[in-house]
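A.B. asks: Residue numbers (the numbering used here): 198 to 575.
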Ligand code: SF4
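(1) Should the stretch 383–398 be called in touch with the stretch 204–224, which here means at least 3 C-beta pairs below 8 Å?
(2) State yes or no: is the C-beta of residue 509 nearer than 8 Å to some heavy atom of the ligand SF4?
(3) Can you determine whether any heavy atom of the ligand SF4 sits closer than 8 Å to the C-beta of residue 325, and answer yes or no?
(4) If we ignore side chains and look at the alpha-carbon of each, how far apart do residue 491 and residue 515 end up?
(5) Excluding the 5 residues preceding and the 5 following residue 384 in the sequence, name in chain order all residues of the same chain whose CB lies nearer than 6 Å to its CB.
(6) When the distance is taken between beta carbons, is residue 520 closer than 9 Å to residue 245?
(7) Which same chain residues end up closer than 6 Å to residue 348 when comparing Cβ atoms and leaving out the 5 residues on each side of it in sequence?
(8) Please state if the CB of residue 488 and the CB of residue 157 are separated by a distance shorter than 9 Å.
(9) Just to confirm before moving on: does the CB-CB distance between residue 314 and residue 293 stay below 9 Å?
(10) Taking the Cβ atom as the reference point for each residue, do residue 513 and residue 471 lie within a distance shorter than 9 Å?
(11) Are residue 443 and residue 286 close, meaning C-beta to C-beta below 9 Å?
(12) Note down the Cα distance separating residue 538 from residue 555, rounded to an integer number of angstroms.
(13) What is the rounded straight-line gap between the Cα of residue 256 and the Cα of residue 425?
(14) Beta carbon of residue 333: closer than 8 Å to some heavy atom of the ligand SF4?
(15) Report buried or exposed for residue 546, applying the criterion of at least 16 other Cβ atoms within 10 angstroms of its Cβ.
(16) Put residue 474 into one of helix, strand or coil per three-state DSSP.
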């Protein structure tokens, strides 16, 4: 399995909690699309990447600020320079309030076959509080237009732990989205990032976030609710109807190879050693390096086998099914339990681990306390 990620770092305006690399713009500048095409060409010519790709993902920012024509040009270049399998999952993130029926039809015609819609909450008062540009009615319109354009593999992002959010509000958002019968739901907890406007408002006492216990109750009740409604939890925050897990993200969690394009994008490929690349996160620098015919890299890290093994565990234990023992053995010639005897002992003592002949996985308690559990492997 291998994937390709493309970063589109523009949003109509910044949400109050956002610390992603994105800039307030009403559309994607042509200069960025040109730079992205140049980067695709440069990497394609370099040749050190997997022979074929199973997934493509446009993330952001707000990729749905791309016009239909811009999306078509990017995908045409991608398809002509890289071997993308016919069965590939080709996803894009899409924000309500940024798409028309025509644009959605153009994305579908260009090859996008999975949409991830950033709803976050069905309650307008909460959407306003966190600075989203849309309301619930606009989301419903976007979903209906997406279905009319032929999208039948749709994810909805929802958040809990929002300012003044109640457990009832969160569960009613989940219920509404389940009633809409989408294929996949990502249910994240708000992370209060320093230096964001929301962080400053919380610091100044201008807004109140639910306390830790209430957030944990939301998480717990949300998992139970989604499972009752036929969405199985396959990763800490991700739930899918059968057969609709996000293949692109599964490839990350299985520590597979991927390329990344655009500012601040990351890549991981096997060269002589497992190697990670990170692109620059400044637009000026990105344009400047590409104009000089150089890859816009900020960092290249070649991992030791021990570091590679640790990454495999860190990522794999996010999955409910855990780390596949046979795959781990094929990669490192060691069983995971033999590679980390002390960590495994601690997990067993706390009763946080499920060990079978096929996999090592965290149980629900272990997943809830994942940071602590992963600390044992350091
Ligand atoms: S839409 Fe997403 S990337 Fe853009 S500002 Fe909001 S949270 Fe950040």
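The beta carbon of each residue, even a glycine, is placed where N, CA and C say it ideally should be.
C.D. replies: Once the coordinates are examined:
(1) yes
(2) Along the chain shown, one-based indexing puts residue 509 at 312. No; taking the cut-off as 8 Å, the Cβ of residue 509 has no heavy atom of the ligand SF4 nearer than that.
(3) Here residue 325 is taken as the residue at index 128 of the chain shown, counted from 1. Residue 325 Cβ: outside cutoff for every heavy atom of the ligand SF4.
(4) Taking the first residue of the chain shown as position 1, residue 491 is located at position 294. Taking the first residue of the chain shown as position 1, residue 515 is located at position 318. Rounded to the nearest angstrom, the two C-alpha atoms are 35 Å apart.
(5) Sequence index remark: in the chain shown, residue 384 carries index 187 (1-based). Cβ neighbours of residue 384 beyond the five flanking positions: 355, 419 and 434.
(6) Locating residue 245 in the chain shown gives position 48, counting from the first residue. Locating residue 520 in the chain shown gives position 323, counting from the first residue. The answer is no: Cβ separation not under 9 Å.
(7) Here residue 348 refers to the residue found at position 151 of the chain shown. So the qualifying residues of the chain are 312.
(8) Since the first residue of the chain shown is 198 and the last is 575, residue 157 is not available in this structure.
(9) Residue 314 sits at position 117 when you count from the first residue of the chain shown. Residue 293 sits at position 96 when you count from the first residue of the chain shown. Yes; because the gap between Cβ atoms is below 9 Å, this pair is in contact.
(10) For the purposes of this step, residue 513 is taken as the residue at position 316 of the chain shown. For the purposes of this step, residue 471 is taken as the residue at position 274 of the chain shown. No; because the gap between Cβ atoms is not below 9 Å, this pair is not in contact.
(11) As a working note, residue 443 is residue 246 in the chain shown. As a working note, residue 286 is residue 89 in the chain shown. Yes. Within cutoff.
(12) For the purposes of this step, residue 538 is identified with residue 341 of the chain shown, where counting begins at 1. For the purposes of this step, residue 555 is identified with residue 358 of the chain shown, where counting begins at 1. Going by the C-alpha atoms only, they are around 17 Å apart.
(13) Counted from its first residue, the chain shown places residue 256 at position 59. Counted from its first residue, the chain shown places residue 425 at position 228. Their backbone Cα atoms lie some 30 Å apart in a straight line.
(14) Here residue 333 corresponds to residue number 136 of the chain shown, with the count starting at 1. Outside the cutoff, so no.
(15) Looking up residue 546 in the chain shown gives position 349. Under this definition residue 546 is an exposed residue.
(16) As a working note, residue 474 is residue 277 in the chain shown. Correct three-state label for residue 474: strand.
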